[in-house]
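Take a look at the structure below.
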Amino acid sequence: TDLVPTLALLLGVPIPYSSVGQVLLPLFPQNGSRGAPTGLSQAEALWINVKQVNRFLETYSNMAKDIPPDSLSQLRADFSNISSQYLAAVHKGHLPSPELVVSMQNYLTAVRETCRASWARFNPFKMAAGLLILGVACMLCYVLSELSQVVIHEGLLKLPILSGLVVGLVLAAGQLFLQGYVELSWCMGAAALSSEVFFSKREVVTFRPAHAGPSGAFLALYVIYEGNVVTFLLFTLSIYVPLRLNWDGLLVPLPPPDTQKPPRLLPTALPSSVVRRQATILLVWLGVLVGSLYLSLSFHNCREEQGTCQPSPFLSQLSRVQNSQLRNLHYVLSVGSLALWGYLLHRWLRHYGNLNCTSLTVFSACFLVPLACVCMGLHWAVSATPEDTFRNLSELIGLAQVFLPRVTFCLLGLGLLLLWVDPMTVFLKSKTPLNSRGTSLPPPKYRASTGISPQAELHHLIPQLYQRIRHSLEDGGTESGETDSRPAVEAYGLGTVYSAPLVLLCGLLGLVLLLLHPEGMALAFLLLLLEAGAVLHIHACSANLSSLHKHSNGFSVPWAPVVSWSLAAAQFFHATGHLPTFPSIQWGAAFVGFPQGHTGTALPASLVTLNTFSSHIIFA
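Quick note on numbering: the sequence shown equals residues 1 to 620 in my numbering.
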């Protein structure tokens, strides 16, 4: 704080208004001299500093009332005394006395200590009350997620909310009557705590605490090694899923049932082939998840507190890598990861029949994504070129660094726009009967509609499927007695009517966010895609295996996949080279496609925000 006013006076500029520091007197001569940088003596520098601090104190005391009145009046009296003595000495042509210099130093010190005492005030009682409210609220959120059906159907939240409002209003009325003013924080805290206590007394006693065990694992988060801690928690939770299924006897086929029992007493079970297939898929994707978690540790950055830690070499730009062989290896890995990203996205959509017709969404997946990948690869190649090479092509390289990322942004933005306009990827295939009876079915349509909302499109598509099934069943066999073994209606992509747009959206967003990162992060983003797919497949297999084990009429959201998804988002925040510290923000993302800078702040701020929270955006 003392360096700010000192540098300001030495440079000949005004002291910043909000500074409460004190000038360093050894840097100024005791008596003014023309050889000094500013010609100010110690007494003159102190006087300028005192006037500036007094102006700040007066303005602050008028706006905020947290400075004690007795301290404020004492400081005002000291300034008045110092001002009268200094002006009298200057009027008489005398130098300020050493006692006056000491008085000015004491005044500056007193103002600083008074401001510090006013700003750094803590109310332990309020802090404890806030922690209590937050702890009870977290517990009740977990209870509400487990008892959601009961709470919604029986209206159990009405009385707690009403009791909280009553307590808050009563406390506000009491404060207004006794104190003459209302402290809103106390009223809101009392209302929240009373409603939580009222609800917990009624309903928490019915909650089974057996499911609260895994929540204790989240109490061991460390600030420095939080990336490793989150990775460990996600690994532990992913191992918990198959162990729990095996504990319930769902991971292996059940033994043959006793045929002597009546049929109604035989337990319903999945076929052995289905159980083996789902268990195999679950274990394979569990291996993919564990491998992704292990490899993602290679992309972590280092905090300042980790002295022996070495940041990942993939975090640096390719142009800064001095070894040409290492630079070429990183580029090949980056381009290979980018190509595999696009291939996996296209392969998944084609496997589930979402690319079997022409539409805007299919155009985005088949043409815009490959073009964007090619542009990104060329942009990385141009950016990786050292500055001392290809001097004759410097202007062309500069243009490429501007236009290639902008073209990529435009292609991916167009893909997102087309996906928003037409997200449906369900297509009907016409079926010609072997022998027609003379009454022809209406001509089939590959698309249910053209450009209306997805809800209306589904309302039109499902009746069309039903009509074709009904007509096909009415036709029965053919006149020649032959039977048609084909399905009555063939629809492509109906099973992934909601998943396909989401997968394509994540693929397009992933490419946009990858462009804002260093080239070496392409492999980390590929691991992110594999990890997200592994979490979803593990949840799907677990739901299939436990579908006949639990019979519930209501809809319930399991906690394991939700927590796994949120942990994956936090884990890949660190696996993409980010840290929750201000110096670790990757400011270079603001200049991707704009190497000459910006005229405003909205666009660079948006680019940096997208870069920082890329994993949370994709997993959201």
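Glycine included, each C-beta is placed from N, C-alpha and C at the ideal position.
Identify every residue that forms a DSSP beta bridge with residue i.
{"i": "Tyr492", "result": "Phe427"}
If you drop the 5 nearest sequence neighbours on each side, which residues of the same chain put their C-beta closer than 7 Å to that of residue i?
{"i": "Leu295", "result": "Leu527"}
{"i": "Leu219", "result": "In this predicted model, Leu219 has a pLDDT of only 38, less than 50, meaning its place in the structure is not dependable; the value taken from the coordinates is given anyway. Within the same chain, Leu219 has no close Cβ partners at all."}
{"i": "Ala372", "result": "Thr408, Leu411, Leu412, Leu511"}
{"i": "Val191", "result": "Before going on, a small fix: residue 191 reads as Ala here, not Val. Closer than 7 Å at Cβ, skipping near neighbours: Gly164, Leu165, Val167, Gly168."}
{"i": "Ala522", "result": "Ser334, Ser337, Leu338, Leu514"}
{"i": "Ala570", "result": "Val230"}
{"i": "Ser41", "result": "Phe28, Pro29, Gln30, Asn31, Gly32"}
{"i": "Cys115", "result": "Val20"}
{"i": "Leu355", "result": "Leu349, Val362, Ala365, Cys366"}
{"i": "Ala568", "result": "Leu234, Glu531, Ala532, Val535, Phe619"}
{"i": "Val382", "result": "Ile397, Ala400, Gln401, Leu404"}
Could you have a look at residue i and say whether DSSP puts it in helix, strand or coil?
{"i": "Pro595", "result": "coil"}
{"i": "Phe367", "result": "helix"}
{"i": "Gln317", "result": "coil"}
{"i": "Asn621", "result": "Residue 621 lies beyond the residue range present for the chain, which begins at 1 and ends at 620; the question has no answer from this structure."}
{"i": "Thr576", "result": "coil"}
{"i": "Gln310", "result": "coil"}
{"i": "Tyr498", "result": "coil"}
{"i": "Val13", "result": "coil"}
{"i": "Cys357", "result": "coil"}
{"i": "Leu243", "result": "helix"}
{"i": "Val136", "result": "helix"}
{"i": "Leu24", "result": "coil"}
{"i": "Ser18", "result": "coil"}
{"i": "Ala384", "result": "coil"}
{"i": "His211", "result": "Summary for His211: the model assigns pLDDT 40, below 50, so the residue's position carries little reliability, and this model does not support an answer."}
{"i": "Thr114", "result": "helix"}
{"i": "Asp66", "result": "coil"}
{"i": "His300", "result": "coil"}
{"i": "Glu183", "result": "coil"}
{"i": "Asn81", "result": "helix"}
{"i": "His616", "result": "helix"}
{"i": "Asn31", "result": "coil"}
{"i": "Gly93", "result": "coil"}
{"i": "Ile397", "result": "helix"}
{"i": "Gly600", "result": "coil"}
{"i": "Ser546", "result": "coil"}
{"i": "Leu157", "result": "coil"}
{"i": "Asn611", "result": "helix"}
Leaving aside the five residues before and after residue i along the sequence, list all residues of the same chain whose C-beta is less than 6 Å from its C-beta, in chain order.
{"i": "Pro14", "result": "none"}
{"i": "Phe198", "result": "Pro160, Ser163"}
{"i": "Asp2", "result": "Gly21, Gln22, Leu24"}
{"i": "Arg406", "result": "Gly593"}
{"i": "Leu72", "result": "Ser61"}
{"i": "Gln85", "result": "Leu100"}
{"i": "Leu178", "result": "none"}
{"i": "Leu193", "result": "Ile133"}
{"i": "Tyr343", "result": "none"}
{"i": "Ala5", "result": "The sequence as given places Pro at residue 5; Ala does not occur at that position. Ile15, Ser19, Gly21, Val23, Asn49, listed in sequence order."}
{"i": "Leu626", "result": "There is no way to answer for residue 626, as the model of the chain reaches only from 1 to 620."}
{"i": "Gln325", "result": "none"}
{"i": "Pro311", "result": "Asn301, Cys302"}
{"i": "Thr59", "result": "none"}
If residue i and residue j are in contact, beta carbons under 8 Å, what's the gap, nearest whole angstrom?
{"i": "Met276", "j": "Pro253", "result": "A small fix is needed here, since residue 276 is Arg in this sequence, not Met. That pair is a contact at about 7 Å."}
{"i": "Ala400", "j": "Leu318", "result": "Contact doesn't hold; Cβ gap of about 15 Å is too wide."}
{"i": "Leu315", "j": "Gly577", "result": "5 Å"}
{"i": "Cys541", "j": "Ile281", "result": "5 Å"}
{"i": "Phe299", "j": "Ala575", "result": "5 Å"}
{"i": "Tyr352", "j": "Thr496", "result": "4 Å"}
{"i": "Gly189", "j": "Ala129", "result": "6 Å"}
{"i": "Arg82", "j": "Tyr107", "result": "Rather than Arg, the amino acid found at residue 82 in this sequence is Ile. So it is a contact: roughly 6 Å between Cβ atoms."}
{"i": "Val102", "j": "Leu57", "result": "Actually they do not touch by this definition, with Cβ atoms about 20 Å apart."}
{"i": "Ile538", "j": "Leu289", "result": "7 Å"}
For residue i, which residues of its own chain have a beta-carbon under 8 Å away from its beta-carbon, when the five flanking residues on both sides are left out?
{"i": "Thr360", "result": "The sequence given here has Leu at residue 360, not Thr. Within the same chain, Leu360 has close Cβ partners Leu418, Leu419, Val421, Asp422."}
{"i": "Val608", "result": "Ile585, Gln586, Trp587, Ala589, Ala590"}
{"i": "Ser546", "result": "Leu245, Asp248, Leu250"}
{"i": "Leu283", "result": "Pro242"}
Nearest chain B C-beta to residue i closer than 7 Å, yes or no?
{"i": "Ser71", "result": "Judged by its chain identifiers, the structure shown contains no chain B, having just a single protein chain."}
contact_flag[the stretch 44-56, the stretch 135-143] where n(CB pairs < 8 Å) is 3 or more: no
The stretch 505-519 in contact with the stretch 600-618 per 3-pair CB rule at 8 Å: A contact between stretches requires three or more CB pairs, one per stretch, nearer than 8 Å, and the stretch 505-519 meets this requirement with the stretch 600-618.
At least three beta-carbon pairs within less than 8 Å, the stretch 226-240 to the stretch 555-570: yes
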